[in-house]
Every structure is written in structure tokens, then in C-alpha cells.
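First comes the structure, then the notes that go with it.
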Amino acid sequence: MSRNTTSLQSHLTQSQHLRGLVAHATAPSNIAFIKYWGKRDAKEQWPANDSLSMTLDSARTETWAQIAPDGVNRLFRQEGVFSASEENKAFEFVDWLRKHTGFSAALHFETWNSFPAAAGIASSASGFAALTLAALGAWTGASSLEDLASHGFGLSKLAALSRFGSGSACRSWFGGFVEWSAGDHPLAQTVRQVAPAEHWNLCNLICILSSAAKEVGSTAAHSYASSSPFFAPRLAGLGERQKIVARAIAGKDLVTLGRELEAEALEMHTVMQTATPSIRYMTDESVQLLAALRQVRQQQELPFYFTMDAGPNVHVICESQDRERALLALREITGRIFPSKSVAIIEDRIGSGPSLRRVEVTSKC
Ligand code: DP6
Numbered sequence: 006m007s008r009n010t011t012s013l014q015s016h017l018t019q020s021q022h023l024r025g026l027v028a029h030a031t032a033p034s035n036i037a038f039i040k041y042w043g044k045r046d047a048k049e050q051w052p053a054n055d056s057l058s059m060t061l062d063s064a065r066t067e068t069w070a071q072i073a074p075d076g077v078n079r080l081f082r083q084e085g086v087f088s089a090s091e092e093n094k095a096f097e098f099v100d101w102l103r104k105h106t107g108f109s110a111a112l113h114f115e116t117w118n119s120f121p122a123a124a125g126i127a128s129s130a131s132g133f134a135a136l137t138l139a140a141l142g143a144w145t146g147a148s149s150l151e152d153l154a155s156h157g158f159g160l161s162k163l164a165a166l167s168r169f170g171s172g173s174a175c176r177s178w179f180g181g182f183v184e185w186s187a188g189d190h191p192l193a194q195t196v197r198q199v200a201p202a203e204h205w206n207l208c209n210l211i212c213i214l215s216s217a218a219k220e221v222g223s224t225a226a227h228s229y230a231s232s233s234p235f236f237a238p239r240l241a242g243l244g245e246r247q248k249i250v251a252r253a254i255a256g257k258d259l260v261t262l263g264r265e266l267e268a269e270a271l272e273m274h275t276v277m278q279t280a281t282p283s284i285r286y287m288t289d290e291s292v293q294l295l296a297a298l299r300q301v302r303q304q305q306e307l308p309f310y311f312t313m314d315a316g317p318n319v320h321v322i323c324e325s326q327d328r329e330r331a332l333l334a335l336r337e338i339t340g341r342i343f344p345s346k347s348v349a350i351i352e353d354r355i356g357s358g359p360s361l362r363r364v365e366v367t368s369k370c
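Heads up: the sequence shown begins at 6 in this note's numbering, then just goes up one per residue.
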């Protein structure tokens, strides 16, 4: 990877393997400001806490689907989309969807990510949202999200279904800022848009420190969370943080949002590290980058703030008017503290959610 900023790949536009009338779904990834970490009930995909995220724009998955002409489920994947284990998970999930929606036809899928192969960015949110949307699009023959809603699959229903592929996928159905509330019963969970993308043009600059696959996947790691002595105190304080973050978003107050973002990411990683077994996603390099970012923020009065997911890579949030300065600063920091390493920075911003079309794919295209 070069030290330069990496733009996300543009639209692939065309299925390479499917022909004829095909459902074409795109779903964005999302970055959590308040993290979903730990489950009350894994079977029900019932999270331990409410979470809140920003939907991304360019980091997304495109999935095409059609009723299998040969009656056999197949997944054609473009490089870097699902790993072999995720591919199994995808097939299991499609079987689950079939049982829970009453559709019986086998499907052919093709799926592609806009993120560079093995960039180390979690793809399960966009991957499972796009898979859900493409499958329902193929089964119902719907040609848009509105059309799909008229078949009984509105966004809330789709969010609830996709959660069983991956919890974070349920927040990818709405644009802008999205809240997933745990409710007081697994069936009382809700997902809703807190504010649309137009409300606040935030950017997400993702510093790729490692693209290696995780040794422990997040689904397994969720199950260790409650063994951390910091888990219960974290849950006790999260309601208040959720309110502060929601207020900061409403008032476009980046200083408050940034302070909470950083505290939240560090808190989740503390829970991970103090769980049994201890999981360490944050590397020494991540720690170095976080420290340097804070120093530069102070020295240059540059309002940019970090958050992290279940991995070593660092997501930097800033307002669009500070994007160029933030990029320059991140290039300077990574060049200085990792002189012998190439750190790609992926640029993304707040986005407006998924899409569904019905397209005719011809062999000439
Ligand atoms: C750290 O959604 O990947 O990204 O539901 O088991 O598939 P499963 O877990 P997953 O967990 C994501 C955790 C996180 C924080 C977040 O996105 O809220």
C-alpha cells in the first residue's frame, strides 16, 4: 500500500457471473460511536447495550442475487469479500432467512466490497445487510426499497432480519446517525435514524495499521465481554454517554462528541483486554498513533478525534472543512512515527444508506 490516501474503489456496476434479471443491492458499512459490545442473549442477537453509529458512504458492499436456475445455492465472490469462514456463515444465514421469511427458492449470489481486499476493515455490517437486501429483492422481485416495503419488508423488518447475520448490520439500513436500542425484551429491539446524513457532514479517515485477519473474531469475543470486571461499570455509565452523544450530534458539537468517542473506544478495548480470555485488538502501533493524534490536536488546534472497532486500525472523525488538514496531519504523523511502514489512509464520510434495484444483466456488459 502506498503512503498516499486510498480512495475506495468506484462502483463495479456489473455482475460478472449472473445473467438475466437480477436484484442489485448496495449496503454501507457503519462506524459505531457508542459500541455494541457484549450480548444479553447470543441466540436472539440481543445486545447488552444500546449503540449508536454513523453510516458510511463509500465503504460498502454490493450484492447481486437471483433465483438459482439450477436450484443450488451458490456464492460468487469478488476478491476480498467474505473469507471462507464468513462464506459458511453467509450460507447459514441465507438458510435462516429462508426459514424465517417463508421463501424456499435457492439463490445465486455475487458480492463485492468497495474496500480494498484485506484492508482490515470489518465488512460484516455491510456484507450481511447487502446479503439480506439482495436475497429479499430476488425472492420478492421488488425493484426498489419502497417496493420491497410493500411486500412487507420495510427497513425495520430488514434491520431485524440482518441482525441475525451480524448485529452491527442492523444499523446499516438508515443513513446518517443511527441508534440500535436493546429494549427490555429481544423482540423489543428497535433501530432508528437519529439524524440524516445532511444534518452534519462528518468525515471518517481510516488509518490502516494492519490488514491481517483477526485471530479472534468479534462474535467469539462478544461472549467473553461479561467476564471483564469493567463490563458492569461500563454498562452502568452507557445510558448517560448515549444521551451526551445524542445531544452532541443534535448540536453539532464535535468537541463533546470527540471526547466521548475516544473515551468509548478506550473503554471497549479495556473491557476486551481485561476479559477472560484477554483479547488484544489494539496494538502498540495503535497506541502510538492515538497518542500522536492527541498531541497534534493540541499543538495544531486541529479538531480530529479517534475511535476504533474490534481491530488495530484507527478511525479518525472530523468535520468536512477540516478534512484536508486532518489528512495532511495523519500523513505527517504516520510518516514520522512509522518511518519504515506504509500506512494507507482510506477516506470516507457520512452516507445515506442502502439501495435496491432490479437490473437486466447481459453477457455483453
Ligand atoms: C466492535 O456485529 O461484528 O464493531 O453480531 O457477533 O456479528 P456479531 O458482532 P459484530 O460486532 C461489532 C462490534 C464492534 C462495535 C460496533 O460495531 O458496535
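We put the CB at the ideal spot given by N, CA and C, even for glycine.
How many angstroms separate the CA atom of residue i from the CA atom of residue j?
{"i": "Gln326", "j": "Gly181", "result": "18 Å"}
{"i": "Asn209", "j": "Arg302", "result": "16 Å"}
{"i": "His204", "j": "Gly263", "result": "17 Å"}
{"i": "Ala334", "j": "His156", "result": "49 Å"}
{"i": "Ile126", "j": "Arg24", "result": "30 Å"}
{"i": "Ser306", "j": "Val366", "result": "Note that residue 306 corresponds to Glu in the displayed sequence, not to Ser. If you take the alpha carbons of Glu306 and Val366, they lie about 51 Å apart."}
{"i": "Ser3", "j": "Gly244", "result": "No answer is possible for residue 3: the residues shown for the chain start at 6 and end at 370."}
{"i": "Ser360", "j": "Thr281", "result": "41 Å"}
{"i": "Pro238", "j": "Glu220", "result": "27 Å"}
{"i": "Ile322", "j": "Ile211", "result": "9 Å"}
{"i": "Glu92", "j": "Glu269", "result": "31 Å"}
{"i": "Glu290", "j": "Ala193", "result": "40 Å"}
{"i": "Arg45", "j": "Ala130", "result": "19 Å"}
{"i": "Thr261", "j": "Ala251", "result": "10 Å"}
{"i": "Leu295", "j": "Arg197", "result": "31 Å"}
{"i": "Ala134", "j": "Ser173", "result": "9 Å"}
{"i": "Arg328", "j": "Trp117", "result": "27 Å"}
{"i": "Arg299", "j": "Tyr310", "result": "8 Å"}
{"i": "Pro344", "j": "Ser215", "result": "15 Å"}
{"i": "Gly356", "j": "Pro33", "result": "8 Å"}
{"i": "Ser347", "j": "Ile213", "result": "9 Å"}
{"i": "Ile338", "j": "Tyr229", "result": "34 Å"}
{"i": "Thr31", "j": "Val364", "result": "13 Å"}
{"i": "Ser223", "j": "Ala315", "result": "7 Å"}
{"i": "Lys104", "j": "Pro52", "result": "23 Å"}
For the alpha helix (DSSP H) containing residue i, name the first residue and the last one.
{"i": "Lys162", "result": "Leu160 to Ser167"}
{"i": "Ile342", "result": "Arg328 to Ile342"}
{"i": "Gln198", "result": "That residue, Gln198, is in no alpha helix (DSSP H); its beta strand (DSSP E) goes Thr195 to Ala200."}
{"i": "Val348", "result": "Val348 -> no alpha helix (DSSP H), and no H or E assigned at all."}
{"i": "Leu141", "result": "Ser129 to Thr145"}
{"i": "Leu307", "result": "Leu307 -> no alpha helix (DSSP H), and no H or E assigned at all."}
{"i": "Val250", "result": "Phe236 to Ala255"}
{"i": "Thr224", "result": "Ser223 to His227"}
{"i": "Ala154", "result": "Leu150 to Ser155"}
Ends of the beta strand (DSSP E) at residue i?
{"i": "Thr279", "result": "That residue, Thr279, is in no beta strand (DSSP E); it is neither H nor E in DSSP."}
{"i": "Asp46", "result": "Lys44 to Asp46"}
{"i": "Phe311", "result": "Tyr310 to Thr312"}
{"i": "Thr367", "result": "Looking at the DSSP string, Thr367 is not in any beta strand (DSSP E), and its letter there is neither H nor E."}
{"i": "Ser186", "result": "Phe182 to Ser186"}
Taking its Cβ as the centre, do 16 or more other Cβ atoms sit within 10 Å of residue i, making it buried, or is it exposed?
{"i": "Gln50", "result": "buried"}
{"i": "Trp185", "result": "buried"}
{"i": "Leu266", "result": "buried"}
{"i": "Arg82", "result": "buried"}
{"i": "Gln247", "result": "buried"}
{"i": "Ala202", "result": "buried"}
{"i": "Asn318", "result": "buried"}
{"i": "Asp75", "result": "exposed"}
{"i": "Gly256", "result": "exposed"}
{"i": "Ser149", "result": "exposed"}
What residues match up with residue i in a beta bridge as DSSP calls it?
{"i": "Trp69", "result": "His29 and Glu115"}
{"i": "Cys208", "result": "Cys323 and Arg354"}
{"i": "Leu80", "result": "Phe114"}
{"i": "Arg264", "result": "Partner(s): none; Arg264 has no beta bridge."}
{"i": "Ile36", "result": "Met59"}
{"i": "Arg363", "result": "Ala28"}
{"i": "Pro52", "result": "Lys44"}
{"i": "Ile213", "result": "Ala349"}
On the premise that residue j lies in contact with residue i, defined as a C-beta separation below 8 Å, what is that separation, rounded to the nearest angstrom?
{"i": "Leu80", "j": "Ala95", "result": "6 Å"}
{"i": "Met273", "j": "Trp42", "result": "5 Å"}
{"i": "Ala217", "j": "Met277", "result": "No, Ala217 and Met277 are not in contact; Cβ-Cβ is about 17 Å, not under 8 Å."}
{"i": "Asn35", "j": "Arg176", "result": "5 Å"}
{"i": "Thr60", "j": "Gly340", "result": "Not quite, the Cβ-Cβ distance comes to about 31 Å (not below 8 Å), so this is no contact."}
{"i": "Ala147", "j": "Leu112", "result": "So it is not a contact: roughly 14 Å between Cβ atoms."}
{"i": "Ile254", "j": "Val199", "result": "6 Å"}
{"i": "Leu141", "j": "Phe158", "result": "5 Å"}
{"i": "Leu163", "j": "Leu138", "result": "7 Å"}
{"i": "Ser128", "j": "Thr66", "result": "6 Å"}
{"i": "Thr275", "j": "Phe235", "result": "6 Å"}
Return yes when at least one heavy atom of the ligand SAM lies under 7 Å from the C-beta of residue i, else no.
{"i": "Gly172", "result": "Ligands in the displayed structure: the ligand DP6; the ligand SAM is not one of them."}
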